[in-house]
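Numbering of the sequence shown is given in this note's numbering, commencing with residue -16 and proceeding in unit increments.
We put the CB at the ideal spot given by N, CA and C, even for glycine.
Values in this document were obtained by computation on a predicted structure and should not be read as measured data.
To keep things clear, I will list the structure first and then write my remarks on it.
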Amino acid sequence: MILGFAREYPPDETERELPDVAAARARLGAKAQPMDQLRASLRTALTSLLRNPAEEALFTRAADAALLGYARLALRHGSLGKDFHPYHNETHVLDLCGPRLDRLLQAIGANALELPQWLSLLLFGACHDLRQREAARLIDGVGANERASWEESQRILDACGLGAQAEPVLWTALELAIAGSTFDARPLPAQGALNAADLVHSGGALAARLDHVLDKREPQWRNDPRIVAAWKVALIAADLDTANVSEDFERFAASGENLCREREMLAGRALAAGESAQPVLAFLGDGQSRFFFDLHRFNSEAGIAAFDAGKQANAPRLKALVMGTRARIALCGSPHSGEDVIAAYRQTLAQIE
């Protein structure tokens, strides 16, 4: 592996329950349909790159691996399991592997990347958030959840016939993409460790500094065309991951609420309790503004082409949402709970055109 992290994260109960694609399909049932629809749509979009049986087989194996990742996230933190995360669940996979990947293809065209690179973006969407409960510990800027997700992704690739020796381009791109999706934990809060939801409101995606990580861990990487190409794909992957800033504004605002709910859940604060009022107000107010205007950036030309116009259109709406929510709460006095803040947030959102 390029970054050379020691293996620390063995299979858990979810992996053992869903060891392969057959088990994933059996567990998903009708919930496999959205991924099957995305698979058919992506195959059509990539027709020009599917020129022989070997490339068709590669696409099939990668799509199967994406389905397995989707199923595991649905079971571990989504609608099939008992530890539901409002943001990091299988819906996030559908967002990245569906509309966002479609917009990227429309913006730059299928021939802008090689087939294994496109498939690494598909697998990134399905697998980069597989683990969300690892103890926070950065190594050279790469988070524990990301390292654990990459380890599990390797096992998924092997289970689907996509070994490292046979598919080095795909493996390298996916490894760097998952690492680059880490959000920098600086500046740290006054107390406690950051969780995955907190990281979105921290120092920004590691992808912007991934070249420095490579300089440290693989000093000659710029002389290896495969690693250089994978680094460029990792920049695009980070843009896919945070392209909610460019989506229909109601969807963007809803993703902010879901991330807030997840943060409070992970912090052990009930939204109906008074202790959640100020953290929720801070997250949906200054925190969301800081993420959008200060921390977020598109790292690739492809990401800019596909998503920047949408972000620019949302900027004045976000300002209006934050200011309107604050004004609504000020008229009512101090909020009694996080739910009060979310109610004011939703009421303000309904009035924004």
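Under DSSP, the beta-bridge partners assigned to Ala188 are Phe166. Only residues of its own chain outside the window of five on either side were considered, and among them Leu189, Ala190, Leu193, Ala217 and Ala221 have a CB closer than 6 Å to the CB of Gly163, listed in chain order. Taken through DSSP and simplified to helix, strand or coil, Ile(-15) comes out as coil.
Counting only residues of its own chain and dropping the five nearest sequence neighbours on each side, Pro2 has a CB closer than 8 Å to the CB of Ala142. Counting of Cβ neighbours within 10 angstroms places Gly187 among the buried residues, the total reaching 16 or more.
Taking a cut-off of 8 Å on C-beta distances, the region 94 to 113 does not touch the region 311 to 324, as fewer than three cross pairs fall below it.
With a cutoff of 7 Å on beta-carbon distance, Glu134 and Met(-16) are scored as not near each other. Shown here, Ile139 sits in a helix according to DSSP, grouped into three states. Gly239 and Leu267 do touch by the CB rule: their CB atoms are close to 6 Å apart, below 8 Å. By the Cβ neighbour-count rule, Lys294 is buried, with 16 or more other Cβ atoms within 10 Å of its own.
Taking the C-beta atoms as reference points, Leu254 is found no nearer than 7 Å to Glu150.
Rounded to the nearest whole angstrom, the CA to CA distance from Glu201 to Ala156 is 15 Å.
Beyond the five residues adjoining it in sequence on each side, Arg83 comes within less than 6 Å, by CB distance, of Leu223 and Ala226 in the same chain, given in chain order. Contact between Leu51 and Val125 fails: their C-beta atoms lie close to 23 Å from each other, not under 8 Å.
Around the beta carbon of Arg205, fewer than 16 other beta carbons sit within 10 angstroms, so the residue counts as exposed.
The bridge partners DSSP lists for Ile312 come to none. Between Leu104 and Leu153, the gap from beta carbon to beta carbon reaches 7 Å or more.
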